[in-house]
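Below is one structure, written out as structure tokens, with a few remarks after it.
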Amino acid sequence: MHGPMRMPGHWFDELAAGGGSAEAVGFLVAGERARRLVLLRELLGRLEERPALLGPADLGSIWRTVERAELESPACVEELLLSPQVGSWLAHTLRRLHGTSAGSPLWADAGHLAGVAVVAALRAGTAAELVVPAREGAVALPTLGLARLPGTPLLGFQPVHARVREGELLLLPTGRGTGATPLTLRPLTTPQSALWWPTHRLPVRPGGPEVALDDIDPYRGLDRPIPPRRLTPSELGTWQSLFTEAVALLGPASDSGPRSPGTGPGTLRPEAIRRIVPWPVRLENGPVAGLSASTADAFGSMVVARPPDGAALAESMVHEFQHSKLGALLHLFAMLDDDREEEYYAPWRPDPRHLPGLLHGAYAFVGVAGFWRDRIGDRAADPLDLAPFRFALRRIQTRTVLRTLATRAALTGPGRRLVAGLTRTVDGWLREPVDGRAVARARAAATGHRVEWRLRNLRCADEERAGLAAALRTGAPPPPVRQPLSVPAQERAHWQDVRGALYLRPDIARDGGQDGAQEVTVADRAPGLASVAVRDAVPVAVARGSGPEAAPPVRADVLLVRGEAAAAREAYRERWSAAPGDPHALAGWLLAHTALHPGHRRLLARPERFAAAVAGEGPELWEHAAHRLAAPRPRA
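Structure, rendered in structure tokens:
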């Protein structure tokens with residue numbers, strides 16, 4: 002009998018502060034192990050009840066194979082069962098059995114258990130004879146690679162006999178007349194060929210731990226199985242170089258053992274990462290810095306679009322490992338009660354989020370802020386001296402979200418302890434001195450994103466809209482502020498905060514722009530600039546494979562960032578006249594106007610009221626409307 006798991010309070014507090022010692026993270030891994038075994042037991046129970054779900058495979062033979070391997074080499078089998086490949090497959094298959102997901106023929110998903118058993122036998126050096134599923138003539142061996150049967154490719158899903166003896170694997174097609182022929186190989190030692198694609202490995206240090214670079218496992222995505230997309234030699238070389246640079250920035254643990262307790266937010270031991278998955282679809286406009294994602298089903302795994310440099314990869318690794326830590330904590334503790342209504346502001350996304358999403362974002366960006374805080378003044382890691390801005394921006398944004406969680410979320414006891422710990426960390430950072438120019442740019446970027454987000458995602462109720470319009474026409478007092486309404490999801494358009502991204506590198510923005518005589522090629526001249534807006538956003542367009550477009554900033558944006566508020570205000574008016582209804586132009590005009598009239602900054606708190614007041618009016622009335630709406634209200 003196993004007793005209940007009890008996390009020491011100081012380990013929880015280490016994690017609640019956004020960091021966590023090796024011991025605290027180790028407890029999370031132990032929790033993931035327990036959860037993985039519970040899920041596996043559920044799967045086996047369902048397959049015992051309905052053995053036909055396995056198709057031609059036999060559950061008894063599969064599990065006896067795993068048991069023999071576990072007796073021979075328990076460490077190898079445990080490592081396999083805790084791998085991200087097995088975690089993602091196990092969760093997806095259970096969702097299939099619960100009817101909440103779709104994908105391959107169910108017998109192929111369930112029968113992948115036989116592939117897990119084959120790998121257990123190969124790693125432990127035991128024997129096995131099982132039936133495994135093949136997808137388009139390829140058999141996936143989780144953590145090891147992909148075996149492709151020679152001859153005429155099989156179409157769809159087919160059962161294949163797998164025989165393991167002393168580390169050698171023989172795969173035999175079961176159907177007659179398919180044209181496919183048997184394949185024999187030794188997956189632990191056979192080099193890459195047209196018939197065998199081993200999982201790429203990224204060494205953290207020579208002779209030390211390795212991180213899988215997985216471009217072949219069918220369950221390497223976020224939900225449904227996906228086909229392999231093998232990296233070209235050039236792409237592989239790029240990833241190897243980027244990873245080496247990222248490890249050098251993060252600092253691998255020494256050979257003597259793990260780091261001492263007290264690892265802070267933003268600090269990551271690279272060997273804690275289990276797997277990196279290159280973004281599985283090609284992006285039309287090339288790599289997009291900061292585009293990454295992860296799932297709580299695969300602890301230590303992350304899907305990452307190829308970044309422009311090692312620093313961007315290191316940031317993504319920190320960001321996604323924060324998600325892994327919080328996901329593991331949520332498997333142990335309920336943090337909040339929520340109906341997952343998407344209505345809250347997340348400073349790093351273009352769309353409204355639910356409260357669990359805000360909690361994940363806050364935890365992840367505490368790590369990102371800490372990462373850049375640790376790099377302030379390190380010109381080797383930050384040659385362009387961008388770390389002060391990035392740190393200042395992320396601490397402001399994260400504090401905004403923590404305030405929302407503290408005031409709007411129905412937090413449990415552990416949830417309150419977690420939010421309080423993160424808040425103490427960020428409040429301490431807000432008291433730290435940072436270059437004043439970087440702080441000013443960060444505040445401007447944060448304000449600009451919030452203003453445009455509200456214009457795009459919120460609207461006033463009809464009664465309030467009518468009252469605002471009447472106040473502008475007649476001079477009557479504006480109506481009282483009411484709770485805004487969310488714009489229906491089907492009416493929203495994806496957008497990127499290009500103006501906010503300019504604040505990262507205002508020195509490279511030349512006068513001109515998309516609607517001027519010259520083109521501003523910021524993205525070409527400063528790789529990674531767009532990551533200010535893209536980080537943590539996984540747009541639907543990307544999921545479909547189209548990728549977000551890096552739109553160039555408009556001339557008005559350049560003028561605003563350069564501090565030429567009067568010229569920017571006029572340029573935004575001209576842009577509105579050319580593209581009526583553009584929230585970007587209206588937000589920019591408000592930002593420029595309030596820079597000229599600081600007493601009108603109250604307009605930025607609820608810009609949707611200004612939009613309602615001037616709806617249907619030309620920009621020539623905007624300044625009059627701003628003076629009317631920003632006028633002090635008489636006391637009751």
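Residue numbers (this note's numbering): 2 to 637. Even for Gly, the Cβ is constructed at its ideal location relative to N, Cα and C.
I'd like the span of the beta strand (DSSP E) that includes residue i, first residue to last.
i	result
His93	That residue, His93, is in no beta strand (DSSP E); its alpha helix (DSSP H) goes 85-99.
Val663	For residue 663 there is no data in the structure shown, the boundaries of the chain being 2 and 637.
Glu167	It is not in any beta strand (DSSP E) - Glu167 carries neither H nor E in the DSSP assignment.
Arg202	201-204
Val278	276-279
Leu214	211-214
Could you please give the first and the last residue of the uninterrupted alpha helix (DSSP H) stretch that includes residue i?
i	result
Gln241	234-251
Leu155	No alpha helix (DSSP H) holds Leu155; DSSP gives it neither H nor E.
Glu130	Premise fails: Glu130 lies in the beta strand (DSSP E), 129-136, not in any alpha helix (DSSP H).
Gly146	Careful: Gly146 lies outside any alpha helix (DSSP H), inside the beta strand (DSSP E) at 146-149.
His113	107-125
Thr66	60-73
Trp12	10-17
Leu419	414-431
Thr647	There is simply no residue 647 to check, as the chain begins at 2 and stops at 637 in what is shown.
Ala141	Not the alpha helix (DSSP H): Ala141 falls in the beta strand (DSSP E), residues 139-142.
Cα-Cα, which of the options is closest to residue i?
i	options	result
Glu436	Arg206, Ser242, Ala393, Ala447	According to the sequence as given, residue 436 is Asp; it is not Glu. The option with the nearest alpha carbon to Asp436 is Ala393.
Thr408	Thr424, Val562, Gly112, Gly328	Thr424
Gly19	Ala490, Gly582, Phe372, Ala446	Phe372
Gln81	Trp240, Leu145, Thr233	Reading off the sequence shown, one finds Leu at residue 81, where the question assumed Gln. Per the Cα distances, Leu145.
Ala381	Glu246, Leu72, Arg354	Glu246
Glu211	Leu203, Asp218, Ile217	Leu203
Gly619	Ala613, Ala631, Leu592, Trp577	Trp577
Met575	Trp590, Val562, Arg563	Inspection of the sequence shows that residue 575 is occupied by Glu rather than by Met. Selected option, being the one with the closest Cα: Trp590.
Arg506	Arg451, Asp463, Ala439	Ala439
Val108	Val452, Tyr364, Thr94	As written in the sequence, residue 108 is Trp, which differs from the Val given in the question. Of the candidates Val452, Tyr364, Thr94, the one whose C-alpha sits nearest the C-alpha of Trp108 is Thr94.
Arg225	Asp215, Val119, Ser105	Ser105
Thr475	Arg483, Leu630, Arg374, Leu605	Leu630
Arg221	Gly414, Arg432, Pro279	Pro279
Ala294	Pro351, Leu223, Gly152	Leu223
Ala477	Ala614, Gly168, Arg275	Ala614
Arg563	Leu29, Ala445, Arg34	Ala445
Ala121	Ala490, Ala76, Thr191, Ser194	Ala76
His113	Ala141, Thr127, Phe334	Ala141
Leu232	Gly208, Gly209, Gln193, Pro207	Gln193
Asp379	Phe334, Ala312, Pro52	Ala312
What does the alpha-carbon distance come out to for the pair residue i and residue j?
i	j	result
Ala566	Gln323	39 angstroms
Phe390	Trp430	13 angstroms
Val402	His361	10 angstroms
Pro480	Ala443	33 angstroms
Met8	Gly32	10 angstroms
Arg136	Arg69	27 angstroms
Arg230	Pro281	7 angstroms
Ala139	Pro219	10 angstroms
Val67	Glu49	16 angstroms
Glu316	Val305	11 angstroms
Val482	Gly46	56 angstroms
Pro353	Leu561	26 angstroms
Asp386	Pro434	16 angstroms
Val87	Thr190	21 angstroms
Gly548	Trp197	At Gly548 the pLDDT is 35, less than 50, meaning the model places this residue with poor confidence and gives no usable figure here.
Tyr573	Ala467	25 angstroms
His332	Gly116	27 angstroms
Leu72	Ala490	54 angstroms
Suppose the cutoff is 6 angstroms on Cβ atoms and the five residues either side in sequence are ignored; what does the same chain contact list for residue i look like?
i	result
Pro160	Pro57, Val132, Thr175
Ala388	Trp373, Arg376, Ile377
His201	Leu214
Pro271	Val205, Val248, Leu251, Pro253
With a CB to CB cut of under 7 angstroms and the five nearest residues on each side skipped, what residues in its chain are close to residue i?
i	result
Gly21	Glu15, Thr264, Lys326
Val319	Gly267, Leu269, Gly368, Val369, Phe372
Ala596	Ala566
Asp110	His93, Thr94, Arg97, Gly104
Ala17	Arg418, Leu419, Gly422, Leu423
Using a Cβ-Cβ cutoff of less than 8 angstroms, which residues in the same chain neighbour residue i once the five nearest sequence positions on both sides are dropped?
i	result
Leu91	Arg37, Leu40, Leu41, Leu44, Asp298
Asp339	His355, Leu356, Pro357, Ala410, Ala411
Leu486	Leu459, Arg460, Cys461, Ala462
Leu622	Leu473, Val615
The ligand HEM heavy atoms versus the CB of residue i: any closer than 7 angstroms?
i	result
His11	Absent from the structure shown: the ligand HEM. Ligands present: none.
Complete runs of the beta strand (DSSP E) confined to the stretch 294-378 [at least 3 residues]
Listed in chain order, they are 302-305.
Which runs of the beta strand (DSSP E) at least 3 residues long sit entirely within the stretch 558-624? Give them in chain order.
Taken in chain order, the whole beta strand (DSSP E) runs of length 3 or more contained in the stretch 558-624 number zero.
In chain order, each alpha helix (DSSP H) run of at least 4 residues that lies wholly inside the stretch 443-515
Secondary structure in the stretch 443-515: the alpha helix (DSSP H) runs of 4 residues or longer, each lying completely within the stretch, are 463-475, 499-503 in chain order.
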